[in-house]
Amino acid sequence: MARRTIHRDERPENPSDSHAMPPVNRVSGMLDDLNELRTFQLILAHSSLSGAARALGVGLGVVSKRLATLERRIGQRLIHRTTRRLVPTDEGLALVAYVERMLAELDAAERYLSSGNEEPTGILRVGCTTTFGGMHVAPVIAELVASHPALQIELVMEDWPQDPISGQLDVAIYLGRIPDNTYVAKKLVDNRRILVASPDYLARQGRPEIPADLTGHVCLRWFDGRMPWKLTGPDGQYVELVAPSRLRANHGDVIHRWCLEGRGIMFKSCVDLVEDLAAGRLVHLLPDWYEEASICALLPTRRHMSPKIRVFLDAMAARLARYCA
205 MARRTIHRDE RPENPSDSHA MPPVNRVSGM LDDLNELRTF QLILAHSSLS GAARALGVGL
265 GVVSKRLATL ERRIGQRLIH RTTRRLVPTD EGLALVAYVE RMLAELDAAE RYLSSGNEEP
325 TGILRVGCTT TFGGMHVAPV IAELVASHPA LQIELVMEDW PQDPISGQLD VAIYLGRIPD
385 NTYVAKKLVD NRRILVASPD YLARQGRPEI PADLTGHVCL RWFDGRMPWK LTGPDGQYVE
445 LVAPSRLRAN HGDVIHRWCL EGRGIMFKSC VDLVEDLAAG RLVHLLPDWY EEASICALLP
505 TRRHMSPKIR VFLDAMAARL ARYCA
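According to this note's numbering, the residues represented by the sequence shown are 205 to 529, in order.
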């Protein structure tokens, strides 16, 4: 919510009015207090000063100064600093519980006051992997920008899942297991990774009947061939298979192309394979074996969703539901 800047030459027309604005220096002090408290809460949420700085979009020195000012004003040490980590003191734990409740109330008030303007506006930065972004995210954001004239969207695509804070993203789309609980994760759709190959490859090399058969096949993998393919079976069996790999790449589109050309077997997200499977270009192998890989949106903060984030997530969920039905 935009806040009006209060200039020093502004005064209430009637100083005796019970609803008159507090003096400027008092308002400024209250805003400073709020910044310090929100900074303190983010330091604990990210377990680091640098993580809080990235979340706030400020320098590390600003975060350090705010923490020192807060500790000096309260008269208590709130965080024990070691060379390896930050540990809240008992006083820090007690304070952050109050701070989180207070910030939740402020966010609720902000949502209430801004509820009259639900039109998405401003710049939205979205991060995702290259293949998924080209197939699913790019069409969605193009439609959103066409439908909402005040909205701008920047799509940041990499070959690996992205970190929302270090990438300065509003939303990062993630497939599979979430790396940690630092971020807010909103599931968009259920999804699985499955084994596929082209009809030409299967005609030449035969079809695997059990996971162990994969050791006799050409498996198309990322550079890190040591990472196992994790397969869950029909009766809850679990297999971690380090499949042989003579063809490796660090780009999902290359691996996908190799698979279509009959070069080997690929283990890939089902949402990226729907069209190839429907057209018969690829064949689903060992259909009782898969890896859960739900598609989630990672948000860098627990604050309420702005209209631009909400409309994007709704549009993504609607598109993915059609592909994962």
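We put the CB at the ideal spot given by N, CA and C, even for glycine.
Remember, it's a predicted structure, so these values are computed and weren't measured experimentally.
Please tell me whether residue 295 and residue 274 are closer than 8 Å, where the distance is taken between their beta carbons. Along the sequence shown, one-based indexing puts residue 295 at 91. Along the sequence shown, one-based indexing puts residue 274 at 70. It is not a contact, given that the beta carbons lie outside the stated cut-off.
Of all the beta strand (DSSP E) runs that stay within the bounds of the stretch 389-473, which reach a length of 3 or more residues? Segments of the beta strand (DSSP E) lying fully in the stretch 389-473: 396-401, 423-426, 433-436, 442-445, 451-453, 469-473.
Around the Cβ of residue 351, are there at least 16 other Cβ atoms within 10 angstroms (buried) or fewer (exposed)? On the sequence shown, residue 351 is found 147 positions in, with the first residue counted as 1. Its Cβ having fewer than 16 others within 10 Å, residue 351 is exposed.
So if DSSP puts residue 513 in a beta bridge, which residue, or which two residues, is it bridged to? If you number the sequence shown from 1, residue 513 lands on position 309. Per DSSP, none; premise fails for residue 513.
Taking the continuous alpha helix (DSSP H) assigned at residue 347, which residues delimit it? As a position in the sequence shown, residue 347 is number 143, starting the count at 1. 342-351 is the span of the alpha helix (DSSP H), which, as asked, contains residue 347.
Contact set for residue 368: own chain, Cβ-Cβ below 8 Å, skip 5 residues either direction: Numbered from 1 along the sequence shown, position 164 holds the residue referred to as residue 368. Same-chain partners within the cutoff: 331, 374, 375, 376, 387, 502, 503, 504.
So if DSSP puts residue 256 in a beta bridge, which residue, or which two residues, is it bridged to? For the purposes of this step, residue 256 is taken as residue 52 along the sequence shown, with counting starting at 1. Looking at the DSSP assignment, residue 256 forms no beta bridge with any residue, so it has no partner.
Per-residue DSSP class, three states only, for residue 523: Within the sequence shown, the letter at position 319 stands for residue 523. Correct three-state label for residue 523: helix.
Reduced DSSP category for residue 309 - H, G, I as helix; E, B as strand; rest coil: In the sequence shown, counting from the first residue as 1, residue 309 sits at position 105. Residue 309 falls in the helix class under three-state DSSP.
Rounded C-alpha distance that separates residue 344 from residue 522: By 1-based counting over the sequence shown, the position of residue 344 is 140. By 1-based counting over the sequence shown, the position of residue 522 is 318. In a straight line, the C-alpha of residue 344 is about 10 Å away from that of residue 522.
Whose CA, out of 290, 398, 282, 341, lies closest to the CA of residue 491? Translated into positions along the sequence shown, residue 491 becomes position 287. Considering only alpha carbons, the answer is 398.
Where do the N-terminal and C-terminal ends of the beta strand (DSSP E) with residue 278 fall, by residue? The residue you call residue 278 lines up with position 74 of the sequence shown. Taken as a continuous stretch (DSSP letters only), residue 278 belongs to no beta strand (DSSP E), being part of the alpha helix (DSSP H) at 264-278.
Give me the Cα-Cα distance between residue 465 and residue 358, rounded to the nearest whole angstrom. Within the sequence shown, the letter at position 261 stands for residue 465. Within the sequence shown, the letter at position 154 stands for residue 358. The alpha-carbon atoms of residue 465 and residue 358 are separated by roughly 33 Å.
Can you give me the start and stop residues for the alpha helix (DSSP H) that residue 613 sits inside? Since the first and last residues shown for the chain are 205 and 529, residue 613 lies out of range.
Using three-state DSSP, classify residue 362 as helix, strand or coil. Mapped onto the sequence shown, residue 362 falls at position 158. Secondary structure at residue 362: strand, using DSSP grouped into helix, strand and coil.
Looking only at its chain, what residues have a beta carbon closer than 8 Å to the beta carbon of residue 427, apart from the 5 residues adjacent to it on each side? If you number the sequence shown from 1, residue 427 lands on position 223. Within the same chain, and ignoring the five residues on either side of residue 427 in sequence, the residues whose Cβ sits closer than 8 Å to its Cβ are 452, 453, 454.
Taking the alpha carbon of residue 338 as the reference point, which residue from 514, 475, 483 has its own alpha carbon closest? In the sequence shown, residue 338 corresponds to position 134, counting from 1. Per the Cα distances, 475.
Buried or exposed: where does residue 291 fall if 16 or more other Cβ atoms within 10 Å of its Cβ makes it buried? Residue 291 sits at position 87 when you count from the first residue of the sequence shown. Counting Cβ neighbours within 10 Å, residue 291 comes out exposed, since fewer than 16 surround it.
Proximity winner among 514, 441, 242, 496, relative to residue 304 (alpha-carbon distances): Here residue 304 corresponds to residue number 100 of the sequence shown, with the count starting at 1. Here the closest residue by C-alpha is 242.
Mapping the DSSP letters down to three states, classify residue 290 as helix, strand or coil. Looking up residue 290 in the sequence shown gives position 86. Residue state, collapsed to three classes: strand.
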